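K.L.:
Right, I'll just put the structure down here and ask away after.
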Amino acid sequence: VVLRKVAELGIINVNKSASLSKQANTLFNQQDFLSAAYAFSAAASLDPLEFSYFENAASAYYLSGLFEESIKYANKVINDLNPGSGKSEYTKALSLQKLGRTKEACVFFAKSDKHKFKSAKNAIEKYCENQQ
Numbered sequence: 070v071v072l073r074k075v076a077e078l079g080i081i082n083v084n085k086s087a088s089l090s091k092q093a094n095t096l097f098n099q100q101d102f103l104s105a106a107y108a109f110s111a112a113a114s115l116d117p118l119e120f121s122y123f124e125n126a127a128s129a130y131y132l133s134g135l136f137e138e139s140i141k142y143a144n145k146v147i148n149d150l151n152p153g154s155g156k157s158e159y160t161k162a163l164s165l166q167k168l169g170r171t172k173e174a175c176v177f178f179a180k181s182d183k184h185k186f187k188s189a190k191n192a193i194e195k196y197c198e199n200q201q
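For the sequence shown, this note's numbering gives the first residue as 70, with consecutive numbering after it.
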């Protein structure tokens, strides 16, 4: 995977994106979620093959209250990179829930649960039990 990235993106972009991601993780751990989101987004733009940059940007945007941005980054992972972890589906569902789109959120909580993402079951019980 690393060799493919270097061949397609160049070593400078791969190294710079990794450095940005490290900075973003530090900001995230300091609960500076918006700055972390921007740094993860920058890393993703330099290395669009690394799903975790998009996934982490989605989480950071969600925690910043920028739910539409969170959905945009989660969609990139779900539609194009598809690691099968269920985390992006879960993050998208949380953002949809915050936007009042509960039925749509429940679809993505269910998809997350199919990938065995642990938090999905509790979210389904909390938000989706009464949804038809």
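Ideal Cβ positions, reconstructed from N, Cα and C, are used throughout, including at glycine.
It should be emphasised that the depicted structure is a prediction, and the values quoted were computed from it without experimental measurement.
Spatial neighbours of residue 137 within its chain, please: C-beta separation below 8 angstroms, excluding the five flanking residues on both sides.
P.N.:
What you label residue 137 is simply residue 68 of the sequence shown in a count that begins at 1. For residue 137, where only same-chain residues beyond five positions count, the Cβ hits under 8 angstroms are 164, 168.
K.L.:
Quick one: using the 10 Å Cβ neighbour count with 16 as the cut-off for buried, is residue 149 buried or exposed?
P.N.:
Here residue 149 refers to the residue found at position 80 of the sequence shown. Label assigned to residue 149: exposed.
K.L.:
At which residues does the alpha helix (DSSP H) containing residue 140 begin and terminate?
P.N.:
Numbered from its first residue, the sequence shown carries residue 140 at position 71. Counting along the chain, the alpha helix (DSSP H) containing residue 140 begins and ends at 136-145.
K.L.:
Can you check whether the CB of residue 193 is closer than 8 angstroms to the CB of residue 161?
P.N.:
As a working note, residue 161 is residue 92 in the sequence shown. As a working note, residue 193 is residue 124 in the sequence shown. The answer is no: Cβ separation not under 8 angstroms.
K.L.:
Which two residues bound the contiguous alpha helix (DSSP H) that contains residue 96?
P.N.:
Along the sequence shown, read from residue 1 onward, the residue named residue 96 stands at position 27. Start and end: 80-98.
K.L.:
Helix, strand or coil for residue 186 per DSSP?
P.N.:
Mapped onto the sequence shown, residue 186 falls at position 117. Coil, per DSSP.
K.L.:
For the alpha helix (DSSP H) that residue 132 lies in, which residues bound it at each end?
P.N.:
In the sequence shown, the residue the question calls residue 132 occupies position 63. Residue 132 -> alpha helix (DSSP H) spans 120-132.
K.L.:
Using the three-state DSSP reduction, which class does residue 151 fall into: helix, strand or coil?
P.N.:
In the sequence shown, counting from the first residue as 1, residue 151 sits at position 82. Coil, per DSSP.
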